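Have a look at the structure below, then the notes.
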DNA sequence: AATTGCGCTGTAAACGATTACATTGAACGC
DNA sequence: GCGTTCAATGTAATCGTTTACAGCGCAATT
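Residue numbers (our numbering), protein chains in the order written: chain A, 19 to 382; chain B, 19 to 382.
This is the structure we're talking about:
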């Protein structure tokens, strides 16, 4: 206890100067012994490492950053950290950044200008070497200058105003196209689509995919029912209410996210309908629980780990000075994951006579 | 384009000196005008802010940190960022830290010594002002000195070797006690418990609660079946296999986490049994999907947002120099969330003929 | 009129590392 | 024996801020 108090009083940290004194060399030599050991005699190098161990020295990061003009940190800016969709991406990002010697700072704008301004200052103050913009944004003002002085990358976050920024995302149009194609291939010809927020570019791209697939498969415009919403559970329940009220309901509903799909299915079920017996439901994302849900969700898997890995790699190459303009836009393909929430249209028709019919698909 | 190239070449940043020159004052005055405007004449203050706006100045964080010996950053160290259990906690932490003017650095040890060492260096280098140790650990060596020089807080992570560190966690014993008491109150007298990793102190505490509740409710030691495992989905499926093989099965199973419960239920169901008809299952945590799962999970809710908020508050008060020793151990209460996966024993008894089997068991 | 006090500001020394430049001494070639 | 070279090291400037200390007017006090 007295030991604690004593240590607390002494606040001076052990610096490179202490090491130098201890090893009987100059600070420059100590620094060199650490930075590139080749440039220093073996004997002195040994003396330096011994001295470091003896005095317990760790180079001060602020001093180093100040001199080197680099903090070896990257910022991931999100609007809503709480959304577990991002965890797998962030996981891969941390991993890749770590490998490259970078740390990860997390920020959440929560869509408020105050917070956006704050994080803007954070990066302008040089506290990070690069930025990954997820759903988070930065203030418009002076953004161009900022993005010229530090690498900024959009991840799953296609902001139209920021045309000239590199983007890493998923092939949204193609993914939606494929899903609709799949549904049609199972015999569904009346399809509902719960799109995300209308303002969201990714949602727009998916909608485009849905429309193009419908056209390509020979569906009439009336065969497609579009509900606007968001990516949330509630958007699913809201759409379900409208779905139930329809006189002629679609036989399959494609949702903009797994959350939406789960909300939709829950509400459908509460109304006494069954999935997939009465209606097939497909999701998007393949979140952690898509497979655990009942019925296990048929969905479009976003390669989240790969997304994170690629984003981090791209950012790292930017931060380490590789200013060669790598491809401005990377679109990773999604993969269709077939589980139990979607069923061929004909099977649905025979539902009443075959109650014991069990899904032939098993989850993982 | 040429503009881009030009900007890139010019690397010198705008400093406080530029502002000083522009405003016709000294750097000290500029600094004061920002730090506490009271100490500077109104006219000069105005001139300074004007100059700042004109030259576009943001104070350099590294220089400031170097001088102030504080980075205004905190590290959250986790073993497995990918686990979505933490997202709600981290969400609250980011929020609280932000309010107090601190940023959040995320680290993942992944249980490897190399990474632990790395993050140890990170905090020793002064890159952060405080540390929240979740499941992540730091190397034993020199830890005492470290924890004396910088606030470190354990969150939901009771490490026995680190007795004198402040801890914020959940009242694990009480929560487990309450759950078992609840199950018994519904008539269950043969209860299974899938505990977490045996080495985990939190799991041990919960086990203690289970045992004490069983004793308090007058259950015999044989009425309790304990399976060791982890907090994962797989631990649930593994336990389910053993459960199914039992001649006289418990009528209720309490799981160390919702993940475990979901795994258990899935496996139980695949074997043709039903929850809660054949067996009641309770979880722990109340993760995001506990309510979406079918059947909706009866579980013990960990107050994750509150946990994060309190942890961050405690850490902030430590980082801002409040060295008054606040309570070393904070235990927040959990709340029982009753949903559909647990059912009274008697209700199960009316189901069909199977209960007779259990009735004899209960008669023991 | 001299002294004191005070509000405002400038000068310069930190903070702790990196690194350009200078210096030393030994080896080597002639 | 003397310049040349080169490896190894030291000296000191630098990164951009904060802040202790000091100075300078000007008003108020004696």
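Just so it is clear, CB atoms sit at the ideal spot from N, CA and C, and this is done for glycine as well.
The structure displayed is predicted, hence computed values, not measured ones.
*Once you ignore the five residues that flank residue 179 of chain B on each side, which residues in its own chain have a CB closer than 8 Å to its CB?*
The sequence position of residue 179 of chain B within the second chain is 161, counting from 1. Result list for residue 179 of chain B: 158, in chain order.
*For residue 192 of chain B versus residue 185 of chain B, is the C-beta spacing smaller than 8 Å?*
Counting from 1 along the second chain, the entry for residue 192 of chain B is found at position 174. Counting from 1 along the second chain, the entry for residue 185 of chain B is found at position 167. Their beta carbons are not under 8 Å apart, which means residue 192 of chain B does not touch residue 185 of chain B by this criterion.
*Hey, would you say residue 214 of chain A sits closer than 8 Å to residue 275 of chain A, going by beta carbons?*
As a first step, residue 214 of chain A must be located in the first chain, where it is residue number 196. As a first step, residue 275 of chain A must be located in the first chain, where it is residue number 257. Cβ distance < 8 Å, so residue 214 of chain A and residue 275 of chain A count as in contact.
_So residue 123 of chain A contacts chain B; which residues on that side make the cut at Cβ distance below 9 Å?_
Here the question's residue 123 of chain A lines up with position 105 in the first chain. Correct list: 91, 121, 122, 123, 124.
_So the candidates are A/280, A/298, A/223, A/282; which of them puts its Cα closest to the Cα of residue 349 of chain A?_
As a working mapping, residue 349 of chain A is identified with position 331 in the first chain. Selected option, being the one with the closest Cα: A/223.
*Residues in the segment 271–304 of chain B with C-beta within 7 Å of chain A's C-beta atoms, listed in sequence order?*
280, 284
*Closer than 7 Å at the beta carbon, the chain B residues around residue 100 of chain A*: Looking up residue 100 of chain A in the first chain gives position 82. Residues of chain B passing the Cβ test: 105, 106, 109.
*Return the bridge partner residues of residue 349 of chain A from the DSSP annotation.*
By 1-based counting over the first chain, the position of residue 349 of chain A is 331. Paired residue(s): A/187.
*DSSP three-state call for residue 204 of chain A: helix, strand or coil?*
Locating residue 204 of chain A in the first chain gives position 186, counting from the first residue. Residue 204 of chain A falls in the coil class under three-state DSSP.
*Taking C-beta to C-beta, are residue 287 of chain A and residue 241 of chain A nearer than 8 Å?*
Numbered from 1 along the first chain, position 269 holds the residue referred to as residue 287 of chain A. Numbered from 1 along the first chain, position 223 holds the residue referred to as residue 241 of chain A. No.
*Hey, how far is the Cα of residue 291 of chain B from the Cα of residue 254 of chain B?*
For this step, residue 291 of chain B is matched to residue 273 along the second chain. For this step, residue 254 of chain B is matched to residue 236 along the second chain. If I take the Cα positions, the gap works out to 15 Å.
*Is residue 211 of chain A close to chain B, meaning its C-beta is less than 8 Å from at least one C-beta of that chain?*
For the purposes of this step, residue 211 of chain A is taken as the residue at position 193 of the first chain. Not closer than 8 Å to any Cβ of chain B, the Cβ of residue 211 of chain A fails to qualify, so no.
_Based on DSSP bridge pairs, tell me the residues matched to residue 319 of chain B._
Translated into positions along the second chain, residue 319 of chain B becomes position 301. DSSP, once it has assigned bridges, lists B/303, B/353 as partnering residue 319 of chain B.
*asked:* I need the DSSP call for residue 137 of chain A, collapsed to helix, strand or coil.
replied: The residue you call residue 137 of chain A lines up with position 119 of the first chain. Helix at residue 137 of chain A.
*Looking at residue 44 of chain A and the ligand SAM, is the gap between the Cβ and the nearest heavy atom below 7 Å?*
In terms of ligand content, the structure shown is empty, and the ligand SAM therefore cannot be addressed.
*Give every residue of the same chain whose Cβ lies closer than 6 Å to the Cβ of residue 41 of chain A, excluding the five residues on either side of it in the sequence, and list them in chain order.*
In the first chain, residue 41 of chain A corresponds to position 23, counting from 1. So the qualifying residues of the chain are 65, 66, 69.
*Which chain B residues sit within Cβ distance under 7 Å of residue 359 of chain A?*
For the purposes of this step, residue 359 of chain A is taken as residue 341 along the first chain, with counting starting at 1. The contacting residues do not exist; residue 359 of chain A stays about 12 Å from chain B at best.
*Are any of the Cβ atoms in chain B nearer than 8 Å to that of residue 378 of chain A?*
As a first step, residue 378 of chain A is located in the first chain; it is residue number 360 there, counting from the start. Bear in mind that a pLDDT of 37 at residue 378 of chain A, under 50, signals an unreliable position, so the number given afterwards is only what the model happens to contain. No, because no Cβ of chain B sits closer than 8 Å to the Cβ of residue 378 of chain A.
*Which residues share a DSSP beta bridge with residue 273 of chain B?*
As a first step, residue 273 of chain B must be located in the second chain, where it is residue number 255. Its beta-bridge partners are B/212.
_For residue 73 of chain B, which residues in the same chain have their Cβ closer than 8 Å to its Cβ, ignoring the five residues on either side in sequence?_
Within the second chain, residue 73 of chain B is the residue found at index 55, counting from 1. Closer than 8 Å at Cβ, skipping near neighbours: 32, 36, 37, 40.
*In the DSSP assignment, find the alpha helix (DSSP H) that holds residue 70 of chain A and state where it starts and stops.*
Within the first chain, residue 70 of chain A is the residue found at index 52, counting from 1. Element bounds for residue 70 of chain A: 60–73.
*Name the one or two DSSP bridge partners that residue 126 of chain A has.*
Taking the first chain and counting its residues from 1, the one referred to as residue 126 of chain A is at position 108. The partner list for residue 126 of chain A (beta bridge, DSSP) reads A/96.
*Bridge partners - residue 298 of chain B, DSSP secondary structure assignment*: Sequence index remark: in the second chain, residue 298 of chain B carries index 280 (1-based). In the DSSP output, where bridge partners are listed per residue, residue 298 of chain B has B/270.
*Since residue 91 of chain B sits in a beta bridge, which residues does DSSP pair it with?*
For the purposes of this step, residue 91 of chain B is taken as the residue at position 73 of the second chain. DSSP, once it has assigned bridges, lists B/121 as partnering residue 91 of chain B.
*asked:* Three Cβ pairs or more, each shorter than 8 Å: is that satisfied between the segment 317–336 of chain B and the segment 349–359 of chain B?
replied: yes
*Could you spell out where the beta strand (DSSP E) holding residue 149 of chain B opens and where it closes?*
As a position in the second chain, residue 149 of chain B is number 131, starting the count at 1. Here the beta strand (DSSP E) through residue 149 of chain B covers 148–151.
*Closer than 8 Å to chain A by CB, residue 37 of chain B*: Translated into the one-based positions of the second chain, residue 37 of chain B becomes position 19. Not one chain A Cβ lies under 8 Å of residue 37 of chain B.
*Return no unless some Cβ of chain A is closer than 8 Å to the Cβ of residue 34 of chain B.*
Within the second chain, residue 34 of chain B is the residue found at index 16, counting from 1. No, because no Cβ of chain A sits closer than 8 Å to the Cβ of residue 34 of chain B.
*Would you check if the distance between the CB atom of residue 167 of chain B and the CB atom of residue 83 of chain A is smaller than 8 Å?*
Walking along the second chain from the start, residue 167 of chain B turns up at place 149. Walking along the first chain from the start, residue 83 of chain A turns up at place 65. Going by C-beta atoms, residue 167 of chain B is not nearer than 8 Å to residue 83 of chain A.
*Between which two residues does the alpha helix (DSSP H) carrying residue 262 of chain A extend?*
As a working mapping, residue 262 of chain A is identified with position 244 in the first chain. First-last of the alpha helix (DSSP H) with residue 262 of chain A: 251–263.
_Can you give me the C-alpha to C-alpha distance between residue 190 of chain A and residue 302 of chain A, rounded to a whole angstrom?_
One-based indexing of the first chain puts residue 190 of chain A at position 172. One-based indexing of the first chain puts residue 302 of chain A at position 284. C-alpha separation (whole angstroms): 10 Å.
*Close beta carbons around residue 144 of chain B, own chain, < 8 Å, minus the five adjacent residues each side*: Position 126 of the second chain, counted from the first residue, corresponds to residue 144 of chain B. The answer, listed in chain order, is 83, 87, 89.
_Per-residue DSSP class, three states only, for residue 43 of chain A_ = Position 25 of the first chain, counted from the first residue, corresponds to residue 43 of chain A. Three-state DSSP puts residue 43 of chain A in coil, outside helix and strand.
*Distance between residue 210 of chain A and residue 227 of chain A (C-alpha atoms, nearest Å)*: Position 209 of the first chain, counting from 1, holds the residue named residue 227 of chain A. Position 192 of the first chain, counting from 1, holds the residue named residue 210 of chain A. The straight-line gap from Cα to Cα measures roughly 13 Å.
*Test item: CB-CB of residue 330 of chain B and residue 111 of chain B under 8 Å*: Position 312 of the second chain, counted from the first residue, corresponds to residue 330 of chain B. Position 93 of the second chain, counted from the first residue, corresponds to residue 111 of chain B. Result yes, Cβ atoms of residue 330 of chain B and residue 111 of chain B sit closer than 8 Å.
*Segment limits, beta strand (DSSP E) that includes residue 171 of chain A*: For this step, residue 171 of chain A is matched to residue 153 along the first chain. That run of the beta strand (DSSP E) goes 170–173.
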